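Numbered by the working numbering, the letters in the sequence shown go through residues 47 to 112 in order. Note that the Cβ used here is the ideal one computed from N, Cα and C, for glycine as well. If you're wondering where the values come from, they're calculated on a predicted model, not measured in any experiment. Single-structure report; data block below.
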Amino acid sequence: MMKNFKDIVILIITIGVLVLLGVIIVGDYWIALAENRPVDDSVITLMKMSVTGLIGVIGGYIGGRS
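Encoded structure:
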């Protein structure tokens, strides 16, 4: 399944970033709902930038592996 250490590191980084991003987004939505305010635009921007960066890291890893 995982043939070398680099695969495991990329998997851990990907899962870690996605979990952290999920906690931040759900937390902001929860607070916005509780305070009856709109969702903060900086959280949406953070999500966009993080997903784009994560795609770049994974794409670079897969491209360099082949």
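How would you write the range of the alpha helix (DSSP H) that residue i sits in, first residue to last?
i, result
"Val72", "Phe51 to Glu81"
"Asp86", "Taken as a continuous stretch (DSSP letters only), Asp86 belongs to no alpha helix (DSSP H), as it is neither H nor E."
So, under 8 Å CB-CB, residue i and residue j are touching, yes? Tell me the CB distance rounded to an integer number of Å.
i, j, result
"Val97", "Ile71", "Not quite, the Cβ-Cβ distance comes to about 11 Å (not below 8 Å), so this is no contact."
Could you name the residues of the same chain whose beta carbon sits closer than 7 Å to that of residue i, not counting the 5 residues immediately before and after it, in chain order?
i, result
"Tyr107", "Ile56"
If I measure Cβ to Cβ from residue i and keep anything under 8 Å in the same chain, skipping five residues before and after, which residues do I get?
i, result
"Asp74", "Val85, Asp86 and Val89"
Taking 7 Å as the cut-off, decide whether the C-beta atoms of residue i and residue j are in contact.
i, j, result
"Val63", "Leu100", "yes"
Closer than 6 Å by C-beta to residue i: which residues in its own chain qualify, once you throw out the five before and the five after it? Chain order, please.
i, result
"Leu79", "none"
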